[in-house]
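Engineer: Handing you this structure, nothing more for now.
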């Protein structure tokens, strides 16, 4: 990275100072005049984005709902570049403030720097807010602290470390077309169990599962962390298939029960290459955490397993866990199209 006194991130001090400036701000209901007034208290100024132009250095390029950008220092943050995102249907409703902290930093193509930078930013934010994030999500290695009024997020977006202040009442999300494929959520921060876009058929289920599993495999170990994903019958939870990943191997381990009563072909998985170990069929998919094709293969194997167990698509639910050094969270796949299993009083997925 560069050693420029104002651009380099050789310590967390500059990021801490940025949080010290931003976290106390009262954005009110996040209407544009309120946000302007809050930023004015820092001496920061917002200016309209040139019509037809693009805000500088947005990691995902042009987005028409980005209507305002912050001036350069001292009219904006000392490091990075900032923009305000507004609702497409209401230009006076600000959805969030986004600061690209990586602007002006040369990583010399060494991606370990940006991952270290993102990890440091998460740790400093957790200390400033008094606890770990309430939600982890991807794509983007997002860590989100949901709070009344203003939520805070740190994300890694195509090699750029982004700090976001988000309008909590608008869902603390404002990237249209870039929905979360996976989430690791605290119990109090779980989304409703019913999917917004139900799955259509088994082919659709496999495609969606493949996308979610790819994102999980590619990102969770970077926190670093492990995960387990369980597909099961809502009526008979003993009919299940599990995928588990740990940070010390690039393989996914799949398991499903042996001896489920009433199956017309109980040995079918054995003929498909699964190995029998006592009460479980097991299968290992090498490379699934680092390569796309093995992750898609694992998704196909999981779907084949639950279909072999004669789980109806209408009865299918998902559950699981994401475990990182700051604790274990409930796994959600918002785009999978099948319900999240309801949690019992102990916090475990049940019927």
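Numbering (the numbering used here), first residue to last: 95 to 445.
The beta-carbon is built from N, C-alpha and C at its ideal position, and this holds for glycine as well.
In terms of alpha-carbon separation, which member of 110, 191, 111 lies closest to residue 133?
Structural biologist: When each option's Cα is compared against that of residue 133, the closest is 191.
Engineer: Would you identify the three-state DSSP class for residue 127, choosing helix, strand or coil?
Structural biologist: Helix at residue 127.
Engineer: Rounding to the nearest angstrom, what Cα-Cα distance links residue 127 and residue 136 in this structure?
Structural biologist: Taking the straight line from one Cα to the other gives about 15 Å.
Engineer: Exposed or buried, what is residue 337 when buried is set at 16 or more other beta-carbons lying within 10 Å of its beta-carbon?
Structural biologist: Buried: at least 16 other Cβ atoms inside 10 Å.
Engineer: How far does the beta strand (DSSP E) with residue 324 in it extend, from its first residue to its last?
Structural biologist: Unbroken beta strand (DSSP E) run through residue 324: 320–327.
Engineer: Among 251, 228, 143, which has the Cα closest to the Cα of residue 242?
Structural biologist: Comparing Cα-Cα distances from residue 242 to each of 251, 228, 143, the minimum goes to 228.
Engineer: Rounded to the nearest angstrom, how far is the Cβ of residue 334 from that of residue 322, given a contact under 8 Å?
Structural biologist: Not confirmed; about 11 Å, so no contact.
Engineer: Pick from 259, 162, 316: whose alpha carbon is nearest that of residue 214?
Structural biologist: Out of 259, 162, 316, 316 has the C-alpha closest to the C-alpha of residue 214.
Engineer: State the Cα-Cα distance for the pair residue 290 and residue 429, rounded to the nearest angstrom.
Structural biologist: Going from the Cα of residue 290 to the Cα of residue 429 covers about 8 Å.
Engineer: Could you check if residue 389 is buried or exposed, using at least 16 other CB atoms within 10 Å of its CB as the buried criterion?
Structural biologist: So residue 389 counts as buried.
Engineer: Less than 7 Å between the beta carbons of residue 236 and residue 249, yes or no?
Structural biologist: Result yes, Cβ atoms of residue 236 and residue 249 sit closer than 7 Å.
Engineer: Grouping DSSP H, G and I as helix and E and B as strand, with all else coil, what is residue 96?
Structural biologist: Confidence at residue 96 is low in this model, with a pLDDT of 40, below 50, so its placement is unreliable and no value can be given for it.
Engineer: Pick from 313, 225, 179: whose alpha carbon is nearest that of residue 193?
Structural biologist: The residue with the shortest Cα to Cα distance from residue 193 is 179.
Engineer: Residue 419: which of 375, 183, 220 sits nearest, CA to CA?
Structural biologist: If we check each option's Cα against that of residue 419, 220 comes out closest.
Engineer: Can you tell me which residues form a DSSP beta bridge with residue 416?
Structural biologist: Partner(s): 321, 423.
Engineer: When the Cα atoms are used, what is the spatial distance from residue 130 to residue 140?
Structural biologist: Each residue's Cα considered, the two are about 7 Å apart.
Engineer: Would you call residue 277 buried or exposed, if buried means 16 or more other Cβ atoms sit within 10 Å of its Cβ?
Structural biologist: So residue 277 ends up on the buried side.
Engineer: Can you confirm whether the stretch 362–373 touches the stretch 340–352 when touching is taken to mean that 3 or more C-beta pairs between the two stretches lie within less than 8 Å?
Structural biologist: Yes: at least three Cβ pairs fall under 8 Å.
Engineer: Could you check whether residue 393 and residue 300 sit closer than 7 Å to each other, using their CB atoms as the reference points?
Structural biologist: Cβ distance < 7 Å, so residue 300 and residue 393 count as in contact.
Engineer: Determine the direct distance from the alpha carbon of residue 397 to that of residue 112, and round the result to whole angstroms.
Structural biologist: Each residue's Cα considered, the two are about 46 Å apart.
Engineer: What are the start and end residues of each continuous alpha helix (DSSP H) run of 4 or more residues lying completely inside the stretch 321–408, in chain order?
Structural biologist: As far as the stretch 321–408 is concerned, its whole alpha helix (DSSP H) runs of at least 4 residues are 362–365, 386–402.
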